[in-house]
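Asks: Let me give you the structure first, and then I'll get to my questions.
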Amino acid sequence: NRNLIINGAMQVAQRGTSSTASGYGTVDRWQAGYAGEDEDPTQAQITLTSSDTGPWAKGFRNALQVTNGNQTGGLGATDYQVIECGLEAQDLANSGWDYTSTSSYITLSYWVKSSVAQNFYGYLHTQDGTGQAYKFETGTLSANTWTKITKKIPGNANIQFDVDANVGLWVVLIAQFGTDYTGSGSLEAWGAYSGSARTPDVTTTWWTTNDSTLAVTGVQLEVGDVATDFEHRSYGDE
Numbered sequence: 018n019r020n021l022i023i024n025g026a027m028q029v030a031q032r033g034t035s036s037t038a039s040g041y042g043t044v045d046r047w048q049a050g051y052a053g054e055d056e057d058p059t060q061a062q063i064t065l066t067s068s069d070t071g072p073w074a075k076g077f078r079n080a081l082q083v084t085n086g087n088q089t090g091g092l093g094a095t096d097y098q099v100i101e102c103g104l105e106a107q108d109l110a111n112s113g114w115d116y117t118s119t120s121s122y123i124t125l126s127y128w129v130k131s132s133v134a135q136n137f138y139g140y141l142h143t144q145d146g147t148g149q150a151y152k153f154e155t156g157t158l159s160a161n162t163w164t165k166i167t168k169k170i171p172g173n174a175n176i177q178f179d180v181d182a183n184v185g186l187w188v189v190l191i192a193q194f195g196t197d198y199t200g201s202g203s204l205e206a207w208g209a210y211s212g213s214a215r216t217p218d219v220t221t222t223w224w225t226t227n228d229s230t231l232a233v234t235g236v237q238l239e240v241g242d243v244a245t246d247f248e249h250r251s252y253g254d255e
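As structure tokens, then:
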């Protein structure tokens, strides 16, 4: 399969369609993790309609959405809300990506919508050997508007993927990070992973806005330097 992401169209949700659990709770292969909340956020598989301009026309009928609770205490240093999935190391090792070469690329693309206008961050995090991270940003999203994000990502000599079924790469999309997780480091570049500097400081608007939402769908990670049309697969294949 061209798309290394499983269930990137968010169509399979065997655990249920709504949950306040942190981690795996709804959409298969995807975690909506959080901590430090005053009120539990909700993760849900939502149904898209023709009013979802952008992804609907591209054949997407579902998304994974997190809805923030009422965080009356503000953003604490250890608070966070993320959407993430882990890919098996062997799938990256056998993908055809020459991941130690800076002239070989993978491309990440996805649709995202926030109820508040804000810049959001994300990162890729390799697990094997000395962990590496590639940080990126969406740019300021218009409120309640679907936006397609595309990131062309080169290889790096420090990347390692073992040929096993353990998680080799995390794809992490950030709704909110407290300052214990943020720090310095270049965007759009690989560097040694640091749990205390995963992204630059994150604007608090999303976290401090009651019932704010962040939704994603159409997540594709593919070998090459161009984002191709999403590889729609059947429910059964996913």
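Under my numbering, the first residue of the sequence shown is numbered 18, with each subsequent residue one higher.
Think of the CB as a built atom: it goes at the ideal place given N, C-alpha and C, for glycine as much as any other residue.
Pick helix, strand or coil for L21, following the three-state DSSP scheme.
Replies: DSSP places L21 in coil when its eight states are reduced to three.
Asks: What residue range is occupied by the uninterrupted alpha helix (DSSP H) comprising T222?
Replies: From DSSP, the alpha helix (DSSP H) with T222 extends over T222 to T225.
Asks: Hey, quick one: how far does the beta strand (DSSP E) through Q98 stretch, first residue to last?
Replies: Here the beta strand (DSSP E) through Q98 covers Y97 to E105.
Asks: Could you check if Y51 is buried or exposed, using at least 16 other CB atoms within 10 Å of its CB as the buried criterion?
Replies: Buried.
Asks: Using the Cβ count rule (16 or more neighbours within 10 Å means buried), how would you classify T147?
Replies: Per the 10 Å Cβ criterion, exposed.
Asks: Less than 7 Å separating the beta-carbons of D181 and T84?
Replies: Not in contact: D181 and T84 (Cβ atoms no closer than 7 Å).
Asks: Using the beta-carbon count (16 or more within 10 Å), is N20 buried or exposed?
Replies: N20 is buried by the Cβ-count criterion.
Asks: Suppose you measure from the CA of T157 to the CA of Q135; what does that come to, to the nearest Å?
Replies: Cα-Cα distance, rounded: 5 Å.
Asks: Comparing C-alpha positions only, which one of V219, W128 and W187 sits nearest to E105?
Replies: The option with the nearest alpha carbon to E105 is W187.
Asks: Report the rounded CA-to-CA distance for D96 versus G53, giving the unit in angstroms.
Replies: Cα-Cα distance, rounded: 4 Å.
Asks: Of all the beta strand (DSSP E) runs that stay within the bounds of the stretch 31-83, which reach a length of 3 or more residues?
Replies: With a minimum length of 3 residues, the continuous beta strand (DSSP E) runs that stay inside the stretch 31-83 are 48-52 and 59-64.
Asks: Check whether the Cβ atoms of Q116 and G25 sit closer than 7 Å, and answer yes or no.
Replies: Contrary to the premise, residue 116 reads as Tyr rather than Gln in this sequence. Contact flag unset, no.
Asks: One question on the structure: do G185 and F194 come within less than 7 Å of each other, judged by their Cβ atoms?
Replies: Not a contact, by the Cβ cut-off of 7 Å.
Asks: I'd like to know whether the C-beta of A38 is nearer than 7 Å to at least one C-beta of chain B.
Replies: In the structure shown, chain B does not exist; there is a single protein chain.
Asks: Measuring CB to CB, does V236 end up less than 7 Å from Y127?
Replies: Result yes, Cβ atoms of V236 and Y127 sit closer than 7 Å.
Asks: Relative to the C-alpha of S211, which residue among T222, G91, W224 and D197 is closest?
Replies: Selected option, being the one with the closest Cα: D197.
Asks: If the criterion is Cβ atoms closer than 7 Å, does the pair W163 and G93 meet it?
Replies: Cβ atoms of W163 and G93: not closer than 7 Å.
Asks: So within the stretch 112-178, which uninterrupted beta strand (DSSP E) runs reach at least 3 residues, ignoring any that extend past its ends?
Replies: You should have 122-131, 135-143, 149-158 and 164-171.
Asks: Using the rule of at least 16 other Cβ atoms within 10 Å of the residue's Cβ for burial, across every protein chain shown, is D145 buried or exposed?
Replies: Label assigned to D145: buried.
Asks: If you follow the beta strand (DSSP E) that V243 is part of, which residue opens it and which one closes it?
Replies: Premise fails: V243 is in no beta strand (DSSP E) and is neither H nor E.
Asks: Would V99 and I191 qualify as a contact pair, given that the criterion is a beta-carbon distance under 7 Å?
Replies: For V99 and I191, yes; Cβs fall inside 7 Å.
Asks: Going straight from the alpha carbon of S67 to that of A74, what length do you get?
Replies: Near 8 Å, if we compare the C-alpha coordinates of A74 and S67.
Asks: Note down the Cα distance separating R78 from A150, rounded to an integer number of angstroms.
Replies: Answer to the nearest angstrom: the Cα atoms are 31 Å apart.
Asks: When we look at the beta-carbon of L204 and count the other beta-carbons within 10 Å, is it buried (16 or more) or exposed?
Replies: Its Cβ having fewer than 16 others within 10 Å, L204 is exposed.
Asks: Opposite G91 in the DSSP bridges: which residues?
Replies: For G91, which the question treats as bridged, DSSP gives no partner whatsoever.
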